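In this note's numbering, the protein residues as written are 79 to 187.
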């Protein structure tokens, strides 16, 4: 399986996937930390976090897959959402919470 197949498999078989630097517990950059915090604030039950620093093939491959040059990258139900700036904007206007709710990714109540 080539790296594009691996990425396609990750984003299509998981409701929420975040390609980031580091892990949710120990983000390795401010933008990744912001992305994790936004998802927590939205009440996301489970996120598959992929540490791009641990695999250079993934780090380059995800940029090609999405045609987006920066990390972090958020996928919901296989759809590329964007990076931390887009996530913040969508969070502030309620769009991100709705997308996550529609995907069944948030805890109710």
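Think of the CB as a built atom: it goes at the ideal place given N, C-alpha and C, for glycine as much as any other residue.
This one's a predicted model, so the numbers in the text were calculated from it and none came from an experiment.
Residue i versus the options, residue with shortest Cα-Cα distance
i: residue 218; options: 113, 119, 185, 81; result: Any question about residue 218 goes unanswered here, given that the chain covers just 79 to 187.
i: residue 178; options: 102, 121, 142, 161; result: 121
i: residue 102; options: 146, 115, 91; result: 115
Residue i classed as buried or exposed, judged by whether at least 16 other C-beta atoms fall within 10 angstroms
i: residue 109; result: buried
i: residue 99; result: buried
i: residue 165; result: buried
i: residue 132; result: exposed
Close beta carbons around residue i, own chain, < 6 Å, minus the five adjacent residues each side
i: residue 88; result: 95
i: residue 168; result: 174
i: residue 158; result: 144
i: residue 90; result: 156
i: residue 111; result: 105
For residue j and residue i, the rounded distance between their alpha carbons
i: residue 83; j: residue 171; result: 33 Å
i: residue 134; j: residue 81; result: 10 Å
i: residue 107; j: residue 152; result: 15 Å
i: residue 138; j: residue 128; result: 13 Å
i: residue 162; j: residue 150; result: 7 Å
i: residue 79; j: residue 141; result: 18 Å
i: residue 160; j: residue 183; result: 17 Å
Integer-rounded CB distance, given that residue j should sit under 8 Å from residue i
i: residue 185; j: residue 123; result: 5 Å
i: residue 125; j: residue 117; result: 6 Å
Sequence-distant residues of the same chain with beta carbon closer than 7 Å to residue i, five excluded per side
i: residue 155; result: 93, 181
Sequence-distant residues of the same chain with beta carbon closer than 8 Å to residue i, five excluded per side
i: residue 136; result: 81, 84, 85, 97, 128, 130
i: residue 119; result: 169
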